[in-house]
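In our numbering, the protein residues as written are 11 to 181.
What follows is the structure, given as structure tokens:
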């Protein structure tokens with residue numbers, strides 16, 4: 011039977027072997043004081059695990075993916091990265107490929123959306139519960155255009171009055 015559990019010290023001493031076995035035999039578990047602490051998987055297995063499945067895939071296949079403020083969110087996320095080759099690659103992707111892929115489905119923050127956003131955020135601040143800027147912009151866009159927001163953060167979007175769904179949760 012192939013070995014797939016390693017004590018921490020043993021794994022440190024034989025890291026190359028742990029990695030080789032993860033690539034050839036599957037996940038390797040590293041224990042700390044007898045308790046599973048870390049699982050080492052090959053990059054190929056990790057990519058399989060990281061792929062969206064089930065309800066999430068079905069949701070996005072059926073969705074028109076009207077990319078609302080996706081570009082805005084991505085630009086902010088990339089700008090927060092330290093200067094690096096990865097940041098440069100991601101900036102290129104956001105500025106070119108994302109726009110090409112979603113084409114006419116990216117919506118601007120127009121006057122109606124800005125007005126809705128201003129009213130929504132002002133009222134929320136008056137109640138002592140300010141809304142996150144990006145989430146509230148997305149919510150305002152969805153409300154103006156009659157869209158449903160796909161998000162894990164259902165609570166904030168419901169506070170905004172936007173229809174939302176969490177396709178990451180299996181029902």
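Note that the Cβ used here is the ideal one computed from N, Cα and C, for glycine as well.
Nothing here was measured: the structure is a model prediction, and the numbers come from that model.
Beta carbon of residue i nearer than 8 Å to that of residue j
i: residue 174; j: residue 161; result: yes
i: residue 39; j: residue 22; result: no
i: residue 172; j: residue 153; result: yes
i: residue 142; j: residue 134; result: no
i: residue 49; j: residue 37; result: yes
Option in the options with minimal Cα separation from residue i
i: residue 33; options: 87, 24, 95, 51; result: 51
i: residue 122; options: 19, 155, 145; result: 155
i: residue 35; options: 55, 48, 24; result: 55
Same chain, Cβ closer than 8 Å to residue i, five either side skipped, listed in chain order
i: residue 168; result: 174
i: residue 88; result: 97, 100, 101, 104
i: residue 176; result: 160, 161, 162, 164
i: residue 24; result: 16
i: residue 30; result: none
i: residue 79; result: Confidence in residue 79 is poor, its pLDDT being 43 and thus under 50, which makes the residue's placement too unreliable to answer from.
i: residue 95; result: none
Cut-off 7 Å between Cβ atoms - residues of its own chain near residue i, not counting five sequence neighbours on either side
i: residue 42; result: 18
i: residue 150; result: 123, 126, 127, 130
i: residue 166; result: 141, 142, 145
i: residue 46; result: 39
Residues that residue i bridges to, as DSSP identifies them
i: residue 50; result: 38
i: residue 16; result: 40
i: residue 45; result: 42
Beta-carbon proximity list for residue i, same chain, < 6 Å, skipping 5 on both sides
i: residue 120; result: none
i: residue 26; result: none
Query raised in the report: At which residue ranges does the region 137-181 contain complete alpha helix (DSSP H) runs of 4 or more residues, listed in the order of the chain?
Result: Counting whole runs of 4 or more residues, the region 137-181 contains the alpha helix (DSSP H) stretches 143-155, 164-169.
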